[in-house]
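Structure record follows, encoded as C-alpha cells.
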Amino acid sequence: MSTCEWSAPTTTVGPAAVEAELPAGAFDVIAYSLGARLAWELPGATPRVRRMVLGGISPREPFGAIDAAALREVLAGGEPADPLTGQIGAMIAAPGRDTESLIEVIRGLAAEPFDPREAAPRIPVLLVAGRDDVVAQGIEELAGLLPHGELQRVPGDHRVALTGPELRDAALDFLGRD
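Numbering of the sequence shown is given in the numbering used here, commencing with residue -9 and proceeding in unit increments.
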C-alpha cells in the first residue's frame, strides 16, 4: 500500500481483534495520545474493559488543525506556524521515522475526525495531561462527558508528561483502587 492509499480504518485494529489477543476476564487499559483516542471507544465494544487511563488526549481532532505543507516546512527546519504544528513536528522527526508516511497518517486521521460524544466510556476513566500539553488542550471537556471520570494534570508537555513518574504513579493508583 502506498502512502497515498492510507486511511485511518485500514490501520486501526478493531476491538474484537484486541479482545481476541487477551486472556479471558476483565482487563484495564492504559493508552496515550493516538492510542488514547483509539481506546476511547473500546469499552463500548466489549464489557470486559474494567478501567482506563487515557493520557494526552484531546476532545477535538488535533490532526485536523495540521497543515501538511506547514508541517513539512517545520521538518525542513522552519519555524512552526503554531505550537501544535511544532509539537507534532518534533514528535514525528525522531531519527529513523518515515516522516512522509507519518504526514499521510496525520492527513488520514484528519479525514475521520474524532467525536468523543459518540462513544463516551461509561466505566471509570482517569484522564491525564501535561500542564503544558498543547495536544491535549480542552481535555476538561472530555472529563465532562464521563460519568465516572477523573482528570489529573502532571508536569510537562506532551512528551515530558508521558515519560515522567507522575503519570505512571497516577495510573497505578487509579487502577489499584477497589
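Each residue gets a CB set at the ideal place from its N, CA and C atoms; glycine is no exception.
Assuming the contact rule is C-beta atoms closer than 8 Å, residue i and residue j should be a hit. Round their C-beta distance to whole Å, please.
i, j, result
"residue 117", "residue 133", "6 Å"
"residue 194", "residue 147", "Since the first residue of the chain shown is -9 and the last is 168, residue 194 is not available in this structure."
"residue 47", "residue 74", "Contact doesn't hold; Cβ gap of about 14 Å is too wide."
"residue 98", "residue 49", "Contact doesn't hold; Cβ gap of about 20 Å is too wide."
"residue 71", "residue 60", "5 Å"
"residue 16", "residue 38", "5 Å"
"residue 103", "residue 54", "6 Å"
Mind checking who residue i pairs with in its DSSP beta bridge?
i, result
"residue 143", "119"
"residue 20", "43"
Find the nearest neighbour of residue i within the set the options, judged by alpha-carbon distance.
i, options, result
"residue 34", "108, 126, 55", "108"
"residue 160", "30, 144, 150", "144"
"residue 115", "6, 42, 150, 67", "42"
"residue 139", "154, 112, 122", "112"
Got a sec? Which residues, its chain only, sit under 8 Å from residue i by beta carbon, not counting five neighbours each side?
i, result
"residue 58", "93, 96, 97"
"residue 23", "45, 46, 47, 125, 148, 152"
"residue 26", "44, 45, 46, 47"
"residue 79", "61, 64, 65, 70"
For residue i, I'd like the list of residues in its chain whose CB is within less than 6 Å of its CB, leaving aside the five on either flank, ordered along the chain.
i, result
"residue -1", "Low confidence applies to residue -1: its pLDDT is 47, below 50, so where it sits in the model is not reliable enough to give any reading."
Quick one: residues in its chain with C-beta nearer than 7 Å to the C-beta of residue i, no 5 flanking neighbours on either side, listed in chain order?
i, result
"residue 9", "36, 38"
"residue 135", "106, 107, 110"
4 or more residues per run - each alpha helix (DSSP H) lying fully within the segment 59 to 146: The segment 59 to 146 contains these whole alpha helix (DSSP H) runs: 73 to 82, 89 to 101, 129 to 135.
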